[in-house]
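Report on the following structure.
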Amino acid sequence: MENLKLELKAKIIENLNLEDVEVGDIANDDALFGDGLGLDSIDALELIVMLDKDYGIKLSDPKQGKSIFESIDSLAAYITENKAK
Amino acid sequence: MNKNCYIQSYCSITSNTVSLNGDELFKDDSEDVKSFLKAVYKSLEIKYPKFFKMDSLSKLAFLGAELLLTEESKSSNTALVFSNAASSLDTDRKHQESINDAENYFPSPAVFVYTLPNIGIGEISIRHQLKSENAFFIFEKYNAEFHHNYENCLIQLNKADSVLGGWVNVDENKCEAFLYLIADRGEIKHTIKNLIELYNNK
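Same order as they appear, the protein sequences are chains A and B. For the first sequence, our numbering assigns the number 1 to the initial residue and increments by one for each residue that follows. For the second sequence, our numbering assigns the number 1001 to the initial residue and increments by one for each residue that follows.
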């Protein structure tokens, strides 16, 4: 699980072009949206694509996104539970 | 009565060089547009993380606007009138590449949102809090006569207090921007001849 969290941080930084952010800057329980990393709605869509492309997980209910993308902890837990690839 | 219009300031970003009002500000030997634009961003000491999410065309327009829209020069009613030849082709190609393979079909929302040239205008408007007239035209080359007439009309008809106008083009790893701020004061008159001269000397 810890390796997955590190992998997710690296992917988020690369895929979302967070130029001035490093893996060590993101705590596992930091909010990804709002006051945390400050991601926006396009980033949310990009994360949904990442779940599909890299982990074979299709979000059938977009409303789920709010809790799944709350933090690295919640995202890693969801992927571990639902990973298809 | 016609208002006097002047080219208050102008800049060019091209061939790895940035200049403002004819003076070279920055030179870099980056081999690709993306690295060059990042180097310009760093050199201007801008703090705006959203810059890195933009496509190259928006970055180029954004950097030009940063040079010209200062606290002293900008008005909330600054219209934006841009043109180029390649539209958003540079980003369109990236989007096309991501959807070519039906078996590996993962269009990126972050790329797709930039598949229109006028998105750069939106980025500048957000950054500078502009709720003004704007337009993005496609021409084969910089059309000084059209720009002059359009920009002049906006000011004469009280549609704008000032106009940020010009050419901003990115294609095949080359970028070229020539932007200027038209206002009611300055030293260079807003004429077709002066626009052509400044464009040719960039």
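All residues carry an ideal CB built from backbone N, CA and C; glycine is no exception. Since we're looking at a predicted model, the values are computed, not measured.
Check                                                                                                                                                           : Outcome
Could you round the C-beta distance between A:Ser71 and A:Asn28 to whole angstroms and report it? I think they count as a contact, below 8 Å.                   : 7 Å
Quick test of the definition: if touching needs 3 or more C-beta pairs under 8 Å, does the stretch 1131–1149 of chain B touch the stretch 1084–1098 of chain B? : yes
Determine whether the Cβ of A:Val89 lies closer than 8 Å to any Cβ atom of chain B.                                                                             : In the structure as shown, chain A begins at 1 and stops at 85. Residue 89 of chain A is therefore absent and cannot be evaluated.
Going by beta-carbon coordinates alone, are B:Gly1178 and B:Gly1120 separated by less than 8 Å?                                                                 : For the record, residue 1178 of chain B in the displayed sequence is Phe; it is not Gly. No, the Cβ-Cβ distance between B:Phe1178 and B:Gly1120 is not below 8 Å.
B:Ile1188 to B:Asn1201, Cα distance in whole Å?                                                                                                                 : 14 Å
Given A:Lys83, which residues of its chain have a CB within under 6 Å of its CB, disregarding the five upstream and five downstream residues?                   : Tyr55
Buried or exposed for B:Leu1164, going by 16 or more other Cβ atoms inside 10 Å?                                                                                : buried
I'd like to confirm the pairing. Which residues does DSSP put opposite B:Val1081 in its beta bridges?                                                           : B:Ala1135 and B:Gly1165
Would you mind stating whether B:Ile1013 and B:Leu1044 have Cβ atoms separated by less than 8 Å?                                                                : no
Under 8 Å, Cβ to Cβ, is there at least one residue of chain B near A:Leu45?                                                                                     : yes
According to DSSP, is A:Phe33 helix, strand or coil?                                                                                                            : strand
Please classify B:Pro1117 as buried or exposed, where buried requires at least 16 other C-beta atoms within 10 Å of its C-beta.                                 : buried
Only counting the same chain, and skipping five residues up and downstream in sequence, which positions put a Cβ closer than 7 Å to that of A:Lys58?            : Asp52
Give a yes or no on whether 8 Å exceeds the smallest Cβ distance from A:Glu19 to chain B.                                                                       : yes
On a Cα-Cα basis, can you pick out the residue from A:Val23, A:Leu16 and A:Ala76 that is closest to B:Ala1110?                                                  : A:Leu16
Along the chain, where does the beta strand (DSSP E) that runs through B:Phe1052 open and close?                                                                : Element bounds for B:Phe1052: n/a, residue is neither H nor E.
Of all the options B:Ile1196, B:Asn1021, B:Leu1067 and B:Asn1173, which has the alpha carbon lying nearest to the alpha carbon of B:Tyr1041?                    : B:Leu1067
Nearest-angstrom Cα distance between A:Gln64 and B:Asp1171?                                                                                                     : 40 Å
If we count the other Cβ atoms within 10 Å of its Cβ and call it buried at 16 or more, is B:Ser1132 buried or exposed?                                          : buried
Between which two residues does the alpha helix (DSSP H) holding A:Asp40 run?                                                                                   : Counting along the chain, A:Asp40 falls outside any alpha helix (DSSP H), and DSSP gives it neither H nor E.
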